[in-house]
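Colleague: Supplied in structure tokens, the structure appears directly below.
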Amino acid sequence: MMYPGMMEPAPEPPISPTVRMCMRVVGFVAVSSAIYLYGDWLDMPEAINLI
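Take the sequence shown: its letters are residues 0 to 50, numbered as in numbering that gives the first Met the number 0.
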């Protein structure tokens with residue numbers, strides 16, 4: 000059984016693949032930098048009281 004609209008092509012994504020890739024790279028670099036810069040601070044046992 001087929002419903003109306005099942006044979007229509009998939010909608011275009013709202014963000015182009017190039018922009019999505021750039022956003023992923025920027026996010027990865029930001030998270031990696033945050034872990035590198037603040038990883039030791041978050042590793043302290045007393046950090047639970049600081050957050």
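By construction, the Cβ of each residue, glycine as well, lies at the ideal position given by its N, Cα and C atoms.
Quick one: Cα of Ala33 to Cα of Val25, how far?
Modeller: Looking at the two C-alpha atoms, the distance is approximately 12 angstroms.
Colleague: Helix, strand or coil for Ser15, going by three-state DSSP, please let me know.
Modeller: Residue state, collapsed to three classes: coil.
Colleague: Output the distance between the C-alpha atoms of Arg19 and Tyr37, rounded to the nearest integer angstrom.
Modeller: Those two C-alpha atoms are separated by around 27 angstroms.
Colleague: So what does DSSP say about Tyr2, is it helix, strand or coil?
Modeller: Three-state result, Tyr2: coil.
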